[in-house]
Structures are given as structure tokens and as C-alpha cells.
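Asker:
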Amino acid sequence: MADVVIIGAGTSGLFSAAMLAKKGYHVELYEKAKEIGGRARSWHKDGYTVDYGCHLIRNGSKGYIPTTLAELGEQLDLILLKEPEILWWEGQQFHELPRDPTKLRERGILDESDLPKIFRLLQEKDTIVEQNMGKSIQEWLQEIKASPRLENFLRMAAMGIVCPFLERASAGELFDFIIRGVALGGQPSGYPIGGFGVVHEKLAKIIMSFGGRITTGERIRKINVTNGRVSGLQVGSKNIKAEQVICAFPCQQLFRILEENLVSARPREMLMGLTPVSGISIDYGLKEKITEVSGIILLPGEPFIFGLITSNIDPSVAPPGRQLMTFTALTSPEEAKDKFKAKAILAHLEATISEMFPRKDRNIEWRRPLFLPIIDGVELNCNQYRAKRPKPEVPGIEGLFLAGDCLGVEGAGGDLAVTSARLCVERIEERYG
14 MADVVIIGAG TSGLFSAAML AKKGYHVELY EKAKEIGGRA RSWHKDGYTV DYGCHLIRNG
74 SKGYIPTTLA ELGEQLDLIL LKEPEILWWE GQQFHELPRD PTKLRERGIL DESDLPKIFR
134 LLQEKDTIVE QNMGKSIQEW LQEIKASPRL ENFLRMAAMG IVCPFLERAS AGELFDFIIR
194 GVALGGQPSG YPIGGFGVVH EKLAKIIMSF GGRITTGERI RKINVTNGRV SGLQVGSKNI
254 KAEQVICAFP CQQLFRILEE NLVSARPREM LMGLTPVSGI SIDYGLKEKI TEVSGIILLP
314 GEPFIFGLIT SNIDPSVAPP GRQLMTFTAL TSPEEAKDKF KAKAILAHLE ATISEMFPRK
374 DRNIEWRRPL FLPIIDGVEL NCNQYRAKRP KPEVPGIEGL FLAGDCLGVE GAGGDLAVTS
434 ARLCVERIEE RYG
């Protein structure tokens, strides 16, 4: 019998399994899909390596993913984005977004009066983050009487937490993201050479090298609980014994395999009620290279659009002379699930990309639209900041844990998968180590 069984071989499940395996636990990991990687898996087509949406590693080599892999004995080779790291499209042209606040003023992106407000974030970092977790960015901007330019700048900066909606994005979560980036030396985002799937390949290698097992194509039917304690899992038509189980998938889906009445009302409502990040994404394989743009592209508006010309960052993800690009429009979960609305948003997204890159349409080799009800498991808004999100333990059920990007941990986007895995492993060590 395994010491720990993990459900879900996405980023959080693989990191949890790798850390536990290296600590000497016998781990077994089950994934319902035929391949590992979850919402960050790679797709291979005709010489292209395509991520499942846009994926970058925040803070480059100092980010959570490469530093945690290094602790596990694996080096992740990254390509750091060059300046300009961020571009935004407005008035039929691209504009650069410098990292240096002084250059932001010189180029008219911020007013002179905005700089002291930006520097205050860094000077009062210990208090300003906590004080503003439950406050929207819009509320904070109104409090400090910010200029329209600072408002526009923070809308783009809030893409760092994948929540560029000022009326609901948590100001504290954004400030924490900015302050952490500055503390780490302001290193730009990085891209794993060979695509994001390389991260998962390295984690799988670690797991198996320490005797762990990964089973794909197996769906968990039910988590068995006896007298308030996990007793096993129903996997397909068979039952397996398990005393410690980690659910490494969006916690909104927990009660598909766990009886609802086993968890009391308040924590159950928290788990089921979290709003995820949703969107419509489109990938293009292009017959020839049509642009040299290599930064993160932002289009503030409704919907907010962002994208990457991935092969300009890492040429290995496309065949020689070809080009790979991915763009995503952020939507509500309801819009992503509504076929009529989703198709309308996709049409707008594709028209907008054609406006930016007129040569795109006559060079399409293939296209892949994706309708994504869950991009990130939780939106970092002021009603579900980290103190209001779940912790790894499932209340009332001994031996059942959570990991994934819904949890109340530090970070944003894919970082949450890693920091949640770290906290989950820490709690298992405290109880059973």
C-alpha cells in the first residue's frame, strides 16, 4: 500500500509527489487523462510543441518552479524574456512597458505624482499588503486619488496575478506580486526550453527514480471515508486502500468524488464557491515567420486579451521557418461555458489578432481554439484573497489533503500549484512524518 495516493498529475500533483518521494514516502499518482501535465500540459503536432494556453515562469530562474526543482536536484533551463518584456497594443501600434518606474514617467505612462505612490508600496511592504487584501484595486486608486495613467498601468500590471479587473482584483495580492518581484531583483519572466511540458517530464523522472508510480488513463470514482478518516479509493472497478490522499485538482470539483455531507456546510461552500479564471484561447501554427515580437502582448479592454509569439522566445517549439503564437481572452466562467457567447468572443479574439498581424490569416497552417472554464483554479479577487481560500486539510476528514491553484497560499497563476504543493507536503510531514 502506498504511503500517499495523489489524484491528478498536473503541476501541483507532480510537485507534491516528487517532494514526498524524495523524502522517502512511497507515492502513487493517478491521472484520468492519458498524459500528465493537467492544465499546463503540452501538445505535439507536426513539429510544433504547443502549451495549453499561455505559460511563463514569473521571476525567471528565481521563480517558485525552477527553485523548487533545484531543491529536488533538477535544473530547469530557461530563456528569459528580453526587453521590452511587455508590450501593449493601442492606437494600431505596440507600446513598450518599461520595468523601471523612472522610465515609466519619462515615457508618459505615469504622472510625476504617481511615483511616490509606487515607491510607498515598497517602503511599507509589511503592512500595505495585508491592509489591502480585501480591497479592490479600484478602491485603492480612489483612496489615493490616482491619475488615470496609474489606473491604466495597474490594469496591465494586474495581468501578473491574472486578474486585470480593477473593480474586483485584490489590491493586496497585486502589491504582494509586485513587491516579491522587486525583492528578487526584478528578473523578467522565463520560458522553459522545449515547452512547459519539460517541467512535468523532470518531475515524473524524480518521482519514478524514488520508486513512485504514475498511472494515467485511470479515473477515480470515489474517495472512501470510514469513521471520519480516509480509507481508500474507488479506481475504475476496483478499490485500493489509502490512508493519506492528496486531491491535486480544482477543489470546486472535489464533491464529484467525495460525498458532500462528509464536510460541514461552511467549508463545503468555500470549496465549491470559488470563482476560477476562465477564458477563450487560440493557438496558430503559421507557415512562415510574420513578426519579430517576443514579449508578452497585452490588449486592455473588454475582454482583456494577452498573448505570446512563443516561437520567438524559444525557436525549438516550431519547425524551422514556421511560427507559433497563442492568445487568450479572459472571460467569466459562464461565458466560457456558453457556446454562443464563447464563439462570439473567439471571433472577436481572432479579428483582433488579425488587426495586429495582418499577414496571419494567409499563413495559417493550423489553428486550435480552446474554451477554458478553468485557466487558474481561483481568481485573485478581493472576495477570495488567500486568507479566504482553503488550506490543505479538508475539515472533518483525517488523511485527506488538497493541493492546487485554489488554495490560500502565496503566488499567482502557476506559482500557486507549487506553493500549495509545498504547504501540503509540509502539513503531511507534520502529521505523519
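Quick note: the sequence shown uses our numbering, first residue 14, plus one each step.
Just so it is clear, CB atoms sit at the ideal spot from N, CA and C, and this is done for glycine as well.
Please read these numbers as outputs of a predicted model, since none were measured by experiment.
Which stretch, first to last residue, makes up the alpha helix (DSSP H) that contains proline 129?
Answerer: Its alpha helix (DSSP H) spans residues 128–136.
Asker: Runs of 3 residues minimum, wholly inside the stretch 243–285: which ones carry the beta strand (DSSP E) assignment?
Answerer: Entirely contained in the stretch 243–285, the beta strand (DSSP E) runs reaching 3 residues are, in chain order, 251–254, 258–260.
Asker: Please state whether the Cβ-Cβ distance between phenylalanine 190 and alanine 425 is less than 7 Å.
Answerer: Yes, Cβ-Cβ distance for phenylalanine 190 and alanine 425 is below 7 Å.
Asker: If you pair each beta-carbon of the stretch 42–61 with each one of the stretch 272–287, do three or more pairs fall below 8 Å?
Answerer: In short, these stretches do not touch, since the Cβ pair count stays below three.
Asker: Check the C-beta distance from tryptophan 379 over to lysine 58 and give it rounded, since I have them as a contact under 8 Å.
Answerer: Between lysine 58 and tryptophan 379 the Cβ distance is about 7 Å, and since that is below 8 Å, they are a contact.
Asker: Between which two residues does the beta strand (DSSP E) harbouring lysine 235 extend?
Answerer: Element bounds for lysine 235: 233–239.
Asker: Take valine 40 as the anchor and find which of Gln266, Asp16, Phe28, Ala83 has the nearest alpha-carbon.
Answerer: Nearest option by C-alpha distance: Asp16.
Asker: Please report the distance separating the alpha-carbon of methionine 14 from that of arginine 444.
Answerer: Between methionine 14 and arginine 444, the C-alpha separation is close to 19 Å.
Asker: Give me the Cα-Cα distance between valine 306 and alanine 342, rounded to the nearest whole angstrom.
Answerer: Distance between the alpha carbons of valine 306 and alanine 342 is about 19 Å.
Asker: Taking aspartate 418 as the reference, give the member of Glu442, Ile410, Arg399 with the closest Cα.
Answerer: Per the Cα distances, Arg399.
Asker: Which residues share a DSSP beta bridge with valine 63?
Answerer: Trp56, per the DSSP bridge assignment.
Asker: Does the Cβ-Cβ distance between proline 280 and proline 408 come in under 7 Å?
Answerer: Yes, Cβ-Cβ distance for proline 280 and proline 408 is below 7 Å.
Asker: Run through the DSSP bridge pairs and tell me what serine 291 is partnered with.
Answerer: The partner list for serine 291 (beta bridge, DSSP) reads Thr344.
Asker: When the Cα atoms are used, what is the spatial distance from threonine 239 to isoleucine 20?
Answerer: Going from the Cα of threonine 239 to the Cα of isoleucine 20 covers about 19 Å.
Asker: Can you tell me whether threonine 140 is buried or exposed? The criterion is at least 16 other CB atoms within 10 Å of its CB, across all chains shown.
Answerer: So threonine 140 ends up on the exposed side.
Asker: When DSSP labels each residue in this structure, what does valine 306 get in the three-state scheme?
Answerer: Looking at valine 306 - three-state DSSP - the assignment turns out to be coil, as it is neither helix nor strand.
Asker: State whether the stretch 129–146 contacts the stretch 252–272, with contact taken as three or more CB pairs (one from each stretch) at a distance under 8 Å.
Answerer: No: the two stretches stay apart, fewer than three of their Cβ pairs being nearer than 8 Å.
Asker: What does the alpha-carbon distance come out to for the pair lysine 138 and phenylalanine 166?
Answerer: The straight-line gap from Cα to Cα measures roughly 19 Å.
Asker: Measure the C-alpha to C-alpha separation of alanine 182 and proline 328 and round it to an integer number of angstroms.
Answerer: Approximately 35 Å, taken between the alpha carbons.
Asker: Going straight from the alpha carbon of aspartate 351 to that of leucine 362, what length do you get?
Answerer: Aspartate 351 and leucine 362: Cα-Cα distance of roughly 16 Å.
Asker: Sorted by chain position, which residues of the same chain lie with C-beta nearer than 8 Å to valine 431's C-beta, five sequence neighbours on each side aside?
Answerer: Here the set comprises Thr24, Ser25, Phe28, Tyr77, Ile78, Thr81, Gly424.
Asker: Whose C-beta lies closer than 6 Å to the C-beta of threonine 62 among residues of the same chain, with five residues either side of it excluded?
Answerer: Excluding residues within five positions, the ones whose Cβ falls inside 6 Å are Ser55, Gly208, Val330.
Asker: Looking only at its chain, what residues have a beta carbon closer than 7 Å to the beta carbon of methionine 369, apart from the 5 residues adjacent to it on each side?
Answerer: Contacts found: Trp102.
Asker: Please classify valine 276 as buried or exposed, where buried requires at least 16 other C-beta atoms within 10 Å of its C-beta.
Answerer: Valine 276 comes out buried.
Asker: Verify whether the separation of the beta carbon atoms of glycine 73 and glutamine 155 is less than 7 Å.
Answerer: Contact flag unset, no.
Asker: Would valine 195 and proline 205 be called neighbours here (beta carbons separated by less than 7 Å)?
Answerer: Cβ distance not < 7 Å, so valine 195 and proline 205 don't count as in contact.
Asker: In three-state DSSP terms, what is aspartate 374?
Answerer: Helix, per DSSP.
Asker: Just verifying my parser: in three-state terms, what is the DSSP assignment at leucine 362?
Answerer: Of the three classes helix, strand and coil, the one that applies to leucine 362 here is helix, per DSSP.
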